[in-house]
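According to numbering that gives the first Met the number 0, the sequence shown is numbered sequentially starting from 0.
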Amino acid sequence: MPMNTHSQKIRNFRHKSQEGTVRGVRVIYGDRASVDLIAQSQMDFIYLDQQHGTITTRDIYEITAMVAPYDLAVLVRTPDNGATSIGLALDAGAHGVLAPEIESASQARELVASTRFPPAGARSWGGFAAGQSGYSSQKDFVDPICWALIESKSALDEVEKIVQVEGVDGIYVGRFDLALSMSISPDNIATDTLLIAQIHTILQQAKAAGLPAGTSGDFSTLADQGFRILTVRSELELLSVGLQKYLKD
Numbered sequence: 000m001p002m003n004t005h006s007q008k009i010r011n012f013r014h015k016s017q018e019g020t021v022r023g024v025r026v027i028y029g030d031r032a033s034v035d036l037i038a039q040s041q042m043d044f045i046y047l048d049q050q051h052g053t054i055t056t057r058d059i060y061e062i063t064a065m066v067a068p069y070d071l072a073v074l075v076r077t078p079d080n081g082a083t084s085i086g087l088a089l090d091a092g093a094h095g096v097l098a099p100e101i102e103s104a105s106q107a108r109e110l111v112a113s114t115r116f117p118p119a120g121a122r123s124w125g126g127f128a129a130g131q132s133g134y135s136s137q138k139d140f141v142d143p144i145c146w147a148l149i150e151s152k153s154a155l156d157e158v159e160k161i162v163q164v165e166g167v168d169g170i171y172v173g174r175f176d177l178a179l180s181m182s183i184s185p186d187n188i189a190t191d192t193l194l195i196a197q198i199h200t201i202l203q204q205a206k207a208a209g210l211p212a213g214t215s216g217d218f219s220t221l222a223d224q225g226f227r228i229l230t231v232r233s234e235l236e237l238l239s240v241g242l243q244k245y246l247k248d
């Protein structure tokens with residue numbers, strides 16, 4: 000049987016994210032040249048944003064196949080936290096999902112169940128896709144990565160329970176939406192003391208449960224704050240930063 004690189008990528012990325020820091024890029028348009036450039040860098044993952052970007056199921060399929068030779072995990076930020084959206088992303092070849100609007104332990108359990116086949120979960124058996132041709136049976140599958148996106152005021156009282164849900168691999172903080180739900184301008188996410196305190200609490204709760212927490216922004220600043228999942232805001236930011244560098248030279 001050929002080596003199952005899909006399973007190995009999940010294992011390697013899960014271990015790396017549990018033991019240290021992982022760095023990635025949010026991809027909103029899926030331009031293949033941009034993704035190829037990211038894959039050749041030292042980044043550990045990309046997450047394809049179906050909630051706010053133009054990513055399709057075909058994009059997931061083709062991008063996952065394209066980066067298969069590289070040590071780069073592909074996660075998908077699904078358009079919602081429903082089982083159908085999660086199942087489609089995984090069937091297309093994603094190594095894991097970043098599910099939005101997780102506001103309770105019950106929703107976190109449903110998230111995990113959507114990524115596991117019965118009897119451990121409720122995922123529908125849909126066949127194999129990009130990067131998964133090494134599978135010969137269900138027993139060869141490795142459970143996909145599950146990150147829960149915390150992005151609302153109503154989720155704050157539930158984080159301590161969410162991080163205890165078996166199968167949740169990490170917590171991702173949507174700082175802009177969280178700020179809006181708290182009636183705080185996104186322009187003030189770096190200075191508003193109440194928001195900063197709430198995010199610090201989330202970080203501590205994740206750490207106590209042995210889970211990494213992540214968000215987007217300057218890597219050094221985020222690492223100093225205690226984040227271990229560090230993300231560039233989008234592939235467009237990479238282009239913007241590069242252009243600014245040339246204009247300054």
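Virtual Cβ for every residue (Gly too), placed ideally from N, Cα, C.
Leaving out five residues before and five after residue i in sequence, what residues of the same chain have Cβ atoms less than 6 Å from its Cβ?
i    : result
A129 : For A129, the predicted model reports a pLDDT of 48, less than 50, meaning its position is unreliable and no value from the coordinates is stated.
M181 : K152
D70  : none
K247 : none
R174 : I188 and T214
I183 : D191 and L194
E150 : G173, D176 and L177
L89  : P143
Y245 : none
V240 : none
L87  : T56
Can you tell me which of the options puts its alpha carbon nearest to the alpha carbon of residue i?
i    : options                   : result
C145 : A82, E157 and A98         : A98
I160 : S105, E234, K247 and P117 : Rather than Ile, the amino acid found at residue 160 in this sequence is Lys. The shortest C-alpha separation from K160 is found at S105.
I37  : V66, I170 and R57         : V66
T55  : E157, I27, A72 and L193   : I27
F12  : D35, A32, D156 and R227   : R227
G225 : K244, T200 and Y245       : T200
T53  : Q7, G29 and D156          : G29
M42  : Q203, H14, V73 and R57    : V73
Q17  : T220, K206 and S219       : K206
E157 : L202, E102 and T192       : E102
R250 : H14, R31, V240 and F44    : Since the first residue of the chain shown is 0 and the last is 248, residue 250 is not available in this structure.
V34  : P68, T4, A222 and H14     : P68
R108 : N80, A88, S84 and G23     : N80
L155 : P118, A196 and F218       : A196
A212 : L242, D168, T220 and Q243 : D168
Round the Cβ separation of residue i and residue j to the nearest angstrom and send it over; I've been treating them as touching at under 8 Å.
i    : j    : result
T190 : P143 : At roughly 37 Å, the Cβ-Cβ gap does not stay under 8 Å, so T190 and P143 are not in contact.
I188 : V172 : Not quite, the Cβ-Cβ distance comes to about 10 Å (not below 8 Å), so this is no contact.
G166 : V111 : 3 Å
L210 : I170 : 6 Å
L148 : E100 : 7 Å
P78  : Q50  : 5 Å
Q204 : V162 : 6 Å
T20  : A222 : 7 Å
H94  : K8   : 5 Å
Once you ignore the five residues that flank residue i on each side, which residues in its own chain have a CB closer than 7 Å to its CB?
i    : result
R25  : Y46, D48, S215, T230, V231, R232 and S233
S84  : T77 and P78
L238 : none
P185 : F175, A178 and L179
F218 : R22 and L229
R10  : V141
Near residue i, what residues of its chain come up, given a Cβ to Cβ distance below 8 Å and the 5 sequence neighbours on each side ignored?
i    : result
F116 : R122, W124, Q137 and F140
Is residue i a contact residue of the ligand FAD, with contact defined as CB to any heavy atom under 7 Å?
i    : result
I101 : Ligands in the displayed structure: none, and consequently the ligand FAD is not present.
Taking the runs of the beta strand (DSSP E) that are 3 residues or longer, which of them lie wholly in the segment 128-199? Those beta strand (DSSP E) runs which fall completely within the segment 128-199 and span 3+ residues are 144-149 and 169-172.
Give the list of continuous alpha helix (DSSP H) stretches no shorter than 4 residues that lie fully inside the segment 17-82. Complete alpha helix (DSSP H) runs here, min 4: 31-38 and 56-65.
3 or more residues per run - each beta strand (DSSP E) lying fully within the segment 88-124: If one requires a minimum length of 3 residues, the beta strand (DSSP E) runs lying completely within the segment 88-124 are 95-98, in chain order.
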